[in-house]
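These protein sequence lines are chains A and B, in that order.
At position 49 of the first sequence the residue is numbered 182 (our numbering), and the sequence of numbers has no breaks.
At position 34 of the second sequence the residue is numbered 47 (our numbering), and the sequence of numbers has no breaks.
Positions of the beta carbon are idealized from the N, C-alpha and C atoms, including for glycine.
A short write-up of the structure that comes next.
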Amino acid sequence: MSSIETLLADKYTGYVVAAYVTTAVLLGGTLIVSVISAARSRRDLARLEAERKK
Amino acid sequence: MSIWRYANPAEFMRITGQVMIPLWVLSGLLLGVGLGWALLATPDDYQQGSTIKIIFLHVPAALIAINTYLLMAIASAIGLVRRHHVSFLVAKAAAPIGAVFTAVAIVTGAVWGQPIWNTWWEWDPRLTSVLIMFFFYIGYMALWAAIDEPEKAADLSAVLCLVGVLFALLSRYAVRFWSTLHQDSSLTAVEAGQRIHDAFRTPLYLCMIGFYVFFVALLLLRARTEIRLRRARALRLQGVS
């Protein structure tokens with residue numbers, strides 16, 4: 134039996150899956166929010182710098 | 014050459030801009046290999062079964078949660094003493110990441126504790142000090158958000174951060190001061206029975222390094238955003254809109 138089959142057959146699998154899914158959601162969510170904020174701030178600053186140079 | 018030149022926002026942006034992509038690639042590789050190894054190629058523990066696989070999330074998250082707070086405290090102290098805005102902004106950028114890693118440590122600890130300790134939560138010194146540290150993270154972010162004047166917000170939140178450093182240190186060393194439900198560090202334990210088995214050690218180190226690189230990349234991304242927001246605010250104050 135492979136390691137993944139052993140994991141899926143284990144009575145504690147639900148706990149392991151819950152831990153990994155929660156971590157993925159929390160860290161993935163933080164990453165997405167951070168990337169969106171970074172893109173927005175870059176765009177906003179570029180617009181302001183261009184306005185200042187006019 | 015002085016390290017303080019990196020406190021110059023333009024220099025900070027120039028240097029960090031060059032390392033962002035390599036850091037993301039490296040963290041993806043390390044986490045991919047480390048977590049893949051952890052999930053697919055490590056055996057079950059003879060006592061804990063498959064729940065041992067939670068260690069690959071819980072230990073790196075807890076380490077980063079505590080060390081992020083210490084990093085924020087150092088950056089805040091440097092900001093207060095030397096008045097470098099980048100220091101304050103790095104601390105501000107680190108706070109949400111530290112709070113999320115603390116939440117991950119608490120949640121994965123609870124999910125691990127239920128089958129192994131038979132409880133989701135225990136008012137154990139280490140768990141309690143981590144929870145208080147989490148509240149300091151929230152308080153620090155709330156204080157930044159509550160004050161409109163950035164200079165004042167930076168100073169007051171830096172002081173709050175330094176007050177909370179006690180709980181970050183307690184989170185780290187509580188298991189050495191008190192004999193509690195939470196075991197001592199599995200990586201540094203001297204007694205063979207308490208030390209982590211070699212089968213788990215290498216993937217755990219890979220995951221720890223991978224999460225640390227991910228943390229650094231995320232921190233730099235957020236710090237660069239804070240610097241841009243500050244610059245944009247300065248331009249608006251000059252009448253540019």
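Spanning the alpha carbons of B:Pro73 and B:Phe180 requires a straight line of approximately 18 Å.
For the segment 35–50 of chain B, residues whose beta-carbon sits nearer than 9 Å to a beta-carbon of chain A comprise Leu48.
Within chain B, Ser63, Thr64, Lys66, Ile67 have C-beta atoms less than 7 Å from the C-beta of A:Val149, given in sequence order.
Under the three-state reduction of DSSP, B:Asp58 is assigned to strand. As the crow flies, the alpha-carbon of B:Ile67 is around 30 Å from that of A:Ile169. Around the beta carbon of B:Arg189, fewer than 16 other beta carbons sit within 10 angstroms, so the residue counts as exposed.
By the neighbour-count definition (other C-beta atoms within 10 Å, threshold 16), B:Gly223 is a buried residue. Every alpha helix (DSSP H) of 4 residues or more that sits fully in the segment 136–173 of chain A is shown, in chain order, as 136–142. Note that the C-beta distance between B:Leu43 and B:Val229 is not below 7 Å. CA-CA distance, A:Asp143 to B:Leu233, rounds to 40 Å.
Considering only B:Arg96, B:Phe69, B:His71, B:Leu102, the residue with the shortest C-alpha distance to B:Met85 is B:Leu102. Boundaries of the alpha helix (DSSP H) harbouring B:Leu233: 211–250, taken from the DSSP string. Contacts with chain B at 7 Å (Cβ-Cβ) do not include A:Ala179. In the DSSP assignment, B:Asn131 falls outside any alpha helix (DSSP H), carrying neither H nor E.
Of the other Cβ atoms in all chains shown, 16 or more fall within 10 Å of the Cβ of B:Glu239; this residue is therefore buried. With the rule of 3 Cβ pairs closer than 8 Å, the segment 51–67 of chain B does not count as touching the segment 144–164 of chain B.
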